[in-house]
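Only one structure is covered here, and it is reproduced in the block below.
Protein chains: 8
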Amino acid sequence: MTQDQPISDLGFARVDHLREARWGLPEAVLGMGKTADQVAQIVARIVERDRGPVLVTRSSVEQYDAVRTLTPQAEWLETPRMIRVAREPVVTAGTVAVVSAGTGDLPVAEEAAVTAETGGATVDRVYDVGVAGLHRVLAEADRLAAADCLVVVAGMEGALPTVVAGLTGAPVVAVPTSIGYGASYDGLAALLGMLNSCAPQVVVVNIDNGFGAGFFAARVTRKR
Amino acid sequence: MTQDQPISDLGFARVDHLREARWGLPEAVLGMGKTADQVAQIVARIVERDRGPVLVTRSSVEQYDAVRTLTPQAEWLETPRMIRVAREPVVTAGTVAVVSAGTGDLPVAEEAAVTAETGGATVDRVYDVGVAGLHRVLAEADRLAAADCLVVVAGMEGALPTVVAGLTGAPVVAVPTSIGYGASYDGLAALLGMLNSCAPQVVVVNIDNGFGAGFFAARVTRKR
Amino acid sequence: MTQDQPISDLGFARVDHLREARWGLPEAVLGMGKTADQVAQIVARIVERDRGPVLVTRSSVEQYDAVRTLTPQAEWLETPRMIRVAREPVVTAGTVAVVSAGTGDLPVAEEAAVTAETGGATVDRVYDVGVAGLHRVLAEADRLAAADCLVVVAGMEGALPTVVAGLTGAPVVAVPTSIGYGASYDGLAALLGMLNSCAPQVVVVNIDNGFGAGFFAARVTRKR
Amino acid sequence: MTQDQPISDLGFARVDHLREARWGLPEAVLGMGKTADQVAQIVARIVERDRGPVLVTRSSVEQYDAVRTLTPQAEWLETPRMIRVAREPVVTAGTVAVVSAGTGDLPVAEEAAVTAETGGATVDRVYDVGVAGLHRVLAEADRLAAADCLVVVAGMEGALPTVVAGLTGAPVVAVPTSIGYGASYDGLAALLGMLNSCAPQVVVVNIDNGFGAGFFAARVTRKR
Amino acid sequence: MTQDQPISDLGFARVDHLREARWGLPEAVLGMGKTADQVAQIVARIVERDRGPVLVTRSSVEQYDAVRTLTPQAEWLETPRMIRVAREPVVTAGTVAVVSAGTGDLPVAEEAAVTAETGGATVDRVYDVGVAGLHRVLAEADRLAAADCLVVVAGMEGALPTVVAGLTGAPVVAVPTSIGYGASYDGLAALLGMLNSCAPQVVVVNIDNGFGAGFFAARVTRKR
Amino acid sequence: MTQDQPISDLGFARVDHLREARWGLPEAVLGMGKTADQVAQIVARIVERDRGPVLVTRSSVEQYDAVRTLTPQAEWLETPRMIRVAREPVVTAGTVAVVSAGTGDLPVAEEAAVTAETGGATVDRVYDVGVAGLHRVLAEADRLAAADCLVVVAGMEGALPTVVAGLTGAPVVAVPTSIGYGASYDGLAALLGMLNSCAPQVVVVNIDNGFGAGFFAARVTRKR
Amino acid sequence: MTQDQPISDLGFARVDHLREARWGLPEAVLGMGKTADQVAQIVARIVERDRGPVLVTRSSVEQYDAVRTLTPQAEWLETPRMIRVAREPVVTAGTVAVVSAGTGDLPVAEEAAVTAETGGATVDRVYDVGVAGLHRVLAEADRLAAADCLVVVAGMEGALPTVVAGLTGAPVVAVPTSIGYGASYDGLAALLGMLNSCAPQVVVVNIDNGFGAGFFAARVTRKR
Amino acid sequence: MTQDQPISDLGFARVDHLREARWGLPEAVLGMGKTADQVAQIVARIVERDRGPVLVTRSSVEQYDAVRTLTPQAEWLETPRMIRVAREPVVTAGTVAVVSAGTGDLPVAEEAAVTAETGGATVDRVYDVGVAGLHRVLAEADRLAAADCLVVVAGMEGALPTVVAGLTGAPVVAVPTSIGYGASYDGLAALLGMLNSCAPQVVVVNIDNGFGAGFFAARVTRKR
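Going down the list, the protein sequences come from chains A, B, C, D, E, F, G and H. The opening residue of the first sequence carries number 390 in the working numbering; numbering runs sequentially from there. The opening residue of the second sequence carries number 390 in the working numbering; numbering runs sequentially from there. The opening residue of the third sequence carries number 390 in the working numbering; numbering runs sequentially from there. The opening residue of the fourth sequence carries number 390 in the working numbering; numbering runs sequentially from there. The opening residue of the fifth sequence carries number 390 in the working numbering; numbering runs sequentially from there. The opening residue of the sixth sequence carries number 390 in the working numbering; numbering runs sequentially from there. The opening residue of the seventh sequence carries number 390 in the working numbering; numbering runs sequentially from there. The opening residue of the eighth sequence carries number 390 in the working numbering; numbering runs sequentially from there.
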């Protein structure tokens, strides 16, 4: 394989080098379900062939240990359980507010925030403003209104995105989380709630998919 | 059967005359699944044996026609599709606010309101204050705070009860409705959302069960 | 109520006049679950108080007949079953490609396309390019790549959004439809497939929610 | 932040000091999903700023160890796995009967009982009276009839609340538990059964939500 | 085909004549999904070849009209929507009590009662004794205790079989019905409740399957 | 567009002419969700451009009337509700046995049988051999063993494919049908049963998808 | 409490001594969810007050160790994970065949077999006769036909009970097990299959409920 | 038992020796749910009585250790967690392409590949060609088109089988995997997607059932 081919075939994986051009960020690596060695080799190849920052999501400390052997500049981010190889974003984007309902939603919110930053956005974190105490979110109305796009992260009943959407005109990406118990059904209640939002500028991603929400939000605010 | 037996056995139904003493309201009749003639006979027997007002829920005009032959004072209530034989409530209760999210939720909200009135409560109707336009519900905060108990009716995402619960200290009875489409799953999304409410004074009844919510709310505010 | 209040209280509905300022489009009316007369009055009030074009979704011919009595300039759109009062969009937006998988998905695709146009976007319709004949969608790769945002509408297995996302760098809003039978479960199969898309710039709206997708897509491409 | 602000922003959490005034009890802390240190700091802040007793639910011994370092008067309650900082209730309430179906339901029943006591109620515990041996519950009919509000806790088929509701005129808060196996589906069977109760004064909370039921029951019986 | 072959091949159906010997009743015909003519031919063949009474379940008046042309002695049973060709039962069985919770459960209860009678049992009908008014079922305890086997029919929450099982030592066959609304999910709530009964002599059949319950109950009490 | 282009763009549909070469049969038309006129135009175009027989599935008499205006040789098949334009199959295939459990499964079985014949197979129909009377299916063991591939159609519990698979070494394509009531959940019970078959040569298609099963079976037995 | 009271109140449990008279077996103890000490005390009290053999189901070795301290004659049964205190059955019953589909179903089958023996029945074990090799079950047809009642235990697709019911005229109690993977959904596929059995003498118990099936089968065959 | 009996009764299992004749491969052993000793004895008996290669699926190293004591030639395959006793296949088959979407799908893909090889097929492995980077799968179009049958393994959204089916005319066996998170529901999203494939030559097996897919694919391509 020569340098200019769009795919790196590592045997166990085909790394896609077209993504950076198409999406503004090199292929991100889903750590879950891969061995530490597989992750390390994939990260090394991306660092070698692509220009932008590299992320591993749903990762582990064991994977991080393998990665930094080949890629010493890699960092471990504890809350979102991500590995990051920080480099200049290929694109620049606008302001993304990442809003979360409760303390338990922090790992997903941080995954979204780190991803949006990696995608070139300025991120404003507005955490623990769940709707049971409405004054908490109303007190931050100005910050919410100032963002170009908002990622709203909530578990349990998932009501926060609609409330936030009533305080801004910008697009809202809702992320249901698996936080809750009983009839939350690991995020299903929040997912269904968000899909049925009566605010028309709310879209939804998979349960706990902070990465997708952050990526999408940065993309939406990208300055071309 | 003598007058003082607690059950009227009509062959097809056993009318329970203990309920008025126990619950403050004669047995209510579920119209759904009964013939018009069955409903008419049951209503007539309750009117004969019990003292308080009588309600038929999930009813039909055909059932009403049969009922008023035997019980001319019966009224037809179009929006909640109920038959009512208005008499003095056996008990007196406090103030119940019935709050609804959208125009489509009106039949269920009215079922709750009529039932609460029948149970002796003063009812304050606060309709069409869904959370996508938060200022609509905030504008009614004083009325919400003045109620002894609140019934909150919402379909789709079912976020309204939690928001309302943040504006009052009184008990909140949440009623999911089957209003919506797609992933609302005929009220399942709203039901799950309400069961996962992060406000601790929110309890839930069955989908579209305005009767149960109104009955419970009047009972809670009863002045003994 | 004076002209400058943000809410029109019609008794059965509270029309929200803040939405045009916040979202760039007057409040849209969900026809489903409202009487023809209610729809007609709401539309008339919005036309009177707001500036932009007005849409009624999930509507009926009966509702349209009532609307045009008060608002003669209203049109009936058969395929998406919408009423439209065409006026100048308040904002201007970019290019939105609306892509659909099969002929049965047309009503939802048209709801998205009309809404995006109403929201100020230029719309490019790319219909009937389902993935079973991959050359059909590959043949339109240039049109897909030219859009600022894409709405991709598909029922049954819902694979089209991911395939489309591999042919563009722009944001993709996926709309599952209820088209299918058996284990499609009225759009559930497509919804789950889209939520699990392995392409990171795909977000999802409710089953058959062409309105939400078109609104969001136009919003994302808005030129401020 | 000064003493009289309604929110304590700890960075990772915003403690809401308005709840005591509104709901009669300081904000309760959900232990699940928080670090021991986070719990300890939140509890300390509530003790400092609010007047009433403090509860941590779904907690752990590790969290308790952290809490008592800052708040030595905190107790550990083994059966319901709660931390309690006992102080005078802000309000006084009536009598709440907590009724449970089986031995396995005890942790949830105790969570309800402790919460109701904390909310100012007198609690009467009536445990292990499941309906398969009907004489067990009938033997306690007098205690059930004496309560101002009843919390009924049951797993498996969840039939107990309806049976209890037939023995009293007071409001009944039903709590489904995750006790069971096979088609109990972790409390779903009990939840659905309770939502379909044919007794009109039965309302329902989330599976295993003893806290919510106890809080609501105490609130309902509050003497103002 | 000769008379003594165990199967009658009618082209569209293979009638099984071994069942009478094996099960004590000729093959019963499920009307649902068959044309009127198909039902008529199948019934005529069974009458010709087998000895015992013949039943068509989930039938229609149109099917009945076709059946009585070929089999004039056939009767139409309105409540359970069955066709019956009454003949001497092949076997004799004991006493089966058929117990139902509400008026809406009557069609399924009657299907069970007629089938048990057809299977040679003496049937005692105990109807409308739902658990919300517990004294109604307690008042019939003697009749319940006298049966050799009980069929208990209930919709909504499905609590009745367990309560009945606590009043007898005989086997109980529970039949969930599709009566209810909202979270009854067409009998699912009742089905799950019955499967989780804490009484060990309760078994369950399909939703609305009065035929299976009546057949099984008669079989269990058969005197050989 | 010239004759040799692989796609016919009719505006509302893109007919795919590559399928005949790839799959041995022209594109089949799903009638459901298309207007009669759309179906008629699509069929006419396929007849014009492709060589093999044409099928419309899930069709209606109204669609048939429109089709035969343009394509007079089209036939209407009542039981499977299909339109067929019979022409020589492009390929020849082996013997396919189509086996069904009950009379209600006939429409799906016929859809499979007609499709397999259209795909060049010789079809042996073995109908109404459900497992409750095991001797019915055992009596046909020789016919089952003689087929090159078997399509087995069953609703309710869906046990027939595994039983048949134990009587042959050939591939078995299982088709769950929506026949049943209550806990059959419109074919879900049969679908799950078939997916869990303990016979390793059983594969499954969508509920009621006789077309897919017949197409696949003919393909498997194709003589190249 | 005196000896002749029907309930032993141990504080944490109310042991029901009426069951032996009513059901022919002392109350069985569900081990799951109880502490070892609770189980030991309950068993000791039953041994002291009742006459028949005692069973603990879903138990553990730790519970057994506690039990035999107070009740030395208790045995541990490894496969079904039960504790048994063998004593003379109070009643005598007939012959119960316990039939299982696969090796993984043995624990549930043994729970049924031991319970039926404890209930006074003679048990014939017919194991590993799943339907994929139909000759295995046909080879045991005589033993199946000889039983007064059959318990049929199967996971995965759950087809065995219907096949067995076609080989006998006796009542069949079907037990779905949680054996399987993927779309078996922990026994749901088997449960639904059994509920939809087309054999009319099949009834169903909860997933993995060998105890209930064995108890019921012995009861049905009891000789009074 | 003599050598020529078709079943080996080991007490805990009945090994079926007819399968080799019927299906071309000795009975395969499902390791899950069996003790190491049971697996070892079953394998030894099959090796003794049958001719072809033997497989144990869903196995463990502990089972392998027991197997090789009795059958030293057995191998352990780490990725698919299988035990194999390699011997000459009884039949010869054609070419099977095993295609997988992601690195996490490898264990299931390898189970399919090893089984197809054991069944006499030549296997071509085409791994990590998920649809988000469509050029990866298009680059392998020639290898896909060359196979006589294809097994396509994918988790998450499960779109790959339809895309592959558009690149070949051969039969496609789709295998959903449990890879994914959130709304993938352990393979349900992929399963539903595959069942709704709009390509007619796609059939489906259970989630993670690589064995069944490989067995079926080899069978379909068998040269008789």
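No residue lacks a Cβ here, since even glycine has one placed at the ideal position from N, Cα and C.
T492 of chain E is a Cβ neighbour of G422 of chain B, given a cutoff of 8 Å. Excluding its 5 nearest sequence neighbours in each direction, E546 of chain E has C-beta neighbours in its own chain below 7 Å: A578, A579, G582, listed in chain order. Listed along chain F is no residue with a C-beta nearer than 8 Å to that of D439 of chain E; the closest approach is about 14 Å. Following the DSSP letters along the chain, one finds V593 of chain C inside the beta strand (DSSP E) bounded by residues 591-593. Contact between the segment 526-537 of chain E and the segment 397-407 of chain F is absent: fewer than three C-beta pairs spanning the two stretches fall below 8 Å. Using a Cβ-Cβ distance cut-off of 8 Å, the segment 494-506 of chain E and the segment 597-612 of chain E are in contact, since at least three pairs of beta carbons, one from each stretch, lie closer than that value. When the five nearest sequence neighbours on each side are left out, the beta carbons in the same chain lying within less than 7 Å of the beta carbon of A482 of chain D are those of G508, G509, A510, A607, T610, R611, K612, in order along the chain.
Per the coordinates, the alpha-carbon of W465 of chain H lies some 48 Å from the alpha-carbon of Y453 of chain D. Within chain D, the residues L523 have their CB atoms less than 9 Å from the CB of L556 of chain E, given in chain order.
Using a Cβ distance threshold of 8 Å, G519 of chain H and C538 of chain C do not count as a contacting pair. Restricting attention to alpha helix (DSSP H) runs no shorter than 4 residues, the segment 525-609 of chain B encloses them at 530-535, 549-554, 577-584, 599-609, ordered along the chain.
In the DSSP assignment, the residues bridged to V512 of chain E are E:V485. The C-alpha of R434 of chain H lies about 8 Å from the C-alpha of S397 of chain H. Proximity to E506 of chain G across G:G522, G:V479, G:S489, G:L523 peaks at G:V479, based on C-alpha coordinates. Just so you know, the alpha carbons of G413 of chain D and L444 of chain D end up roughly 13 Å apart.
Taking 8 Å as the cut-off, the beta carbon of A535 of chain G is found no closer than this to the beta carbon of T460 of chain G. For G569 of chain B, the nearest beta carbon of chain A is closer than 8 Å to its own beta carbon.
Under DSSP, R403 of chain F forms a beta bridge with F:D398.
A490 of chain B and V436 of chain B do not touch by the CB rule: their CB atoms are close to 36 Å apart, not below 8 Å.
Of the candidates D:L549, D:L556, D:V591, D:V591 places its Cα closest to the Cα of V564 of chain B. Fully enclosed alpha helix (DSSP H) runs of no fewer than 4 residues occupy 450-459 of the segment 436-475 of chain E, in order along the chain. The DSSP-derived three-state label of L414 of chain D is coil.
Across the structure, G569 of chain H and R447 of chain A are spaced so that their CA atoms are roughly 11 Å apart.
Counting only the Cα atoms, A486 of chain C lies some 24 Å from V418 of chain C.
Identification of residues in the segment 562-595 of chain E having a C-beta nearer than 7 Å to some C-beta of chain G yields V562, L584, N585, P589, Q590, V592, V593, V594, N595, given in sequence order.
Against chain H, the CB of E529 of chain C has no partner CB under 8 Å away; the residue lies outside that interface. For the pair V512 of chain F and V474 of chain F, the CB atoms are not nearer than the 8 Å cut-off.
A417 of chain D belongs to the set of residues whose beta carbon lies under 8 Å from a beta carbon in chain B.
Residue burial is scored here from C-beta neighbours: G400 of chain F has fewer than 16 other C-beta atoms within 10 angstroms and is therefore classed as exposed. Look at F605 of chain F: its C-beta is not under 8 Å from any C-beta on chain C. One Cα belongs to Y516 of chain E, the other to S567 of chain F, and the distance between them is close to 33 Å.
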